[in-house]
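Read through the structure below, which is laid out as structure tokens, and then see the notes.
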Amino acid sequence: MEKFLWAFIVGGIICVIGQLMLDGLKLTPAHTTSTLVVVGAILGGLGLYEPLVKFAGAGATVPISSFGNSLVKGALKEYESSGIIGVLTGIFQITSAGISAAIIFSFMGALIFKPKG
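Letter by letter, the sequence shown follows residues 186 to 302 of this note's numbering.
Below you can see the structure in the form of structure tokens.
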């Protein structure tokens with residue numbers, strides 16, 4: 186039960202940070218999302234995001250900052266085994282399922298609902 190509480194708190198804090206960026210800094214949603222991905226990537230590169238994942242579980246893996254962590258984790262893993270070309274291939278190997286799901290579900294949503302623009 187305690188694990189669920191920490192997941193909720195940590196995930197909520199990440200979301201509050203994003204909302205404060207939107208409201209307080211008057212950033213666009215794209216800028217806010219990109220910033221959170223970059224922060225997650227930096228924390229992942231420094232080895233600080235994985236302890237957060239171990240502590241908060243889904244509270245740290247569900248928010249968009251986890252995507253940045255996944256990009257860096259895949260790049261570093263493949264760099265160790267394949268060298269510099271592994272940086273590019275590693276990014277796509279570890280995140281391809283999430284990217285594919287986003288594309289497929291966005292397309293399905295556009296077919297069902299009337300998109301603006």
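A virtual CB, placed ideally from N, CA and C, is assigned to each residue, including glycine.
These figures come from a predicted structure and were not determined experimentally.
**Prompt:** Could you give the distance in angstroms between the alpha-carbon of L190 and the alpha-carbon of I276?
**Reply:** 31 Å
**Message:** Taking the beta carbon of G203 as the centre, do at least 16 other beta carbons fall within 10 Å, making it buried, or is it exposed?
**Reply:** buried
**Request:** With distances taken Cα to Cα, identify the nearest neighbour of G283 among K188, P248 and L296.
**Result:** P248
**Cβ distance (whole Å) where T280 is taken to contact L256 below 8 Å** = 6 Å
**Prompt:** Under a three-way DSSP split, which group does V247 fall into?
**Reply:** coil
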